[in-house]
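Asker: Pasting in a structure now, in structure tokens, and then I'll have a few things to ask.
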Amino acid sequence: MTWTVMAVVAALIIGHAVPQVSQWRNFTWFERWLAILQQHLFERPFWQGMAGVFAGIFLPALALGAVVYWFDGLLRFLLALAVMLYTWGPRDLDLDVNGIINAEGLDAKERAAKALFEEGQRVSLEGPVAVAAVFENALTRWFAVLFWFLLLGPAGALAYRLLYLQVHHKHDMALPDGLQNAASKALTAAHCPPAHFMVLAMAMAAHFDNVMQVWRNWYRNGGLRWDYGFLAAAATASVASELADEAADAEDGPAAAPALLELRDAMSLAWRMLLLWLAILAVFVLAGLVN
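Residue 0 is where the sequence shown starts when you use numbering that gives the first Met the number 0, and the numbers rise one by one after that.
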């Protein structure tokens, strides 16, 4: 656990202090791997489902897990750090949000906001949409990687990133529809546990009552469904509460457009949640050392 937390903290510091590290996150090898499987396996019906997802995603992750198993001490830490740096991001969320806020003119802000939306999604700076985009990116760039890294080690972080890349692939290879549907379901399932822990951290770091009310309503309306739409709803409610508190305390009123204020507060809340996760991890490490 100690090595794990050290690798996480070191990756966070390096990734934020040296944003150029994003240029090293090259997954062309994964595209070549999928192309090989497309040629030899994916044309057969058996491999156009979860079996294909296992072959494409989990075999490379299991290979990494076998390598990590044989390492120990400093070598294991360095490998874990390398995997965290490789699977984190791929871009710095804080820099992307600040780029939107600091851009001059609506057109420039919308161009900068493209970094928060998937290809084909409508880019919008409307308050709830912008907040949802920030927390969707916080989930896919930070919290899901961190969750699966902590749960399954470097292999878990790599498996999540490869699964995300397969679902949101931007290469020209046309994978079978059945395979992509299975991968999409697996990705949604992979997002659900970290999304729940994100909302719990959100309740502890912001407006507890508002967040818990949204969470309870989601359970009443749908129960334990395999989706995480409650994350955007809870984030929107929490940020709106913070803006209302700020407006009540301000004498001259807000000085920026509401959407930009919501972006700022959403990014601040995401950082508080991440720091809370790390603080809880530190408590577990200290408890283990004391024992």
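All C-beta atoms, glycine included, are put in the ideal place defined by N, C-alpha and C.
1) Taking the CB atoms as reference points, tell me whether residue 167 and residue 135 lie closer together than 8 Å.
2) Do you know how far the Cα of residue 145 is from the Cα of residue 7?
3) Roughly how far, in whole angstroms, is the beta-carbon of residue 177 from the beta-carbon of residue 48, given that I think they are within contact range, below 8 Å?
4) Output the residue ranges of the alpha helix (DSSP H) runs that lie fully inside the region 66–150 and measure 4 residues or longer, sorted by chain position.
5) Pairs of beta-carbons, one from the region 79–90 and one from the region 149–165, closer than 8 Å: are there three or more?
6) Quick one: what does DSSP say residue 261 is sitting in, helix, strand or coil?
7) Grouping DSSP H, G and I as helix and E and B as strand, with all else coil, what is residue 271?
8) What did DSSP end up calling residue 40 once you bin it into helix, strand or coil?
9) Okay, do the region 94–114 and the region 189–206 touch, 3+ Cβ pairs below 8 Å being the bar?
10) Using 8 Å as the cut-off, can you tell me whether the region 21–38 makes contact with the region 61–68, which would need three or more C-beta pairs spanning the two stretches below that distance?
11) In chain order, which alpha helix (DSSP H) runs of at least 4 residues are fully inside the region 14–62?
12) Near residue 265, what residues of its chain come up, given a Cβ to Cβ distance below 6 Å and the 5 sequence neighbours on each side ignored?
13) Thinking just about the alpha-carbon of each residue, which of 278, 186, 77 and 67 is nearest to the one in residue 203?
14) On the CB-based measure, 16 or more other CB atoms within 10 Å of its CB, does residue 220 come out buried or exposed?
Answerer: Taking the coordinates as given:
1) no
2) 8 Å
3) 6 Å
4) 73–86, 92–101, 105–112 and 126–137
5) yes
6) helix
7) helix
8) coil
9) no
10) no
11) 27–39 and 49–52
12) 130, 133 and 238
13) 278
14) exposed
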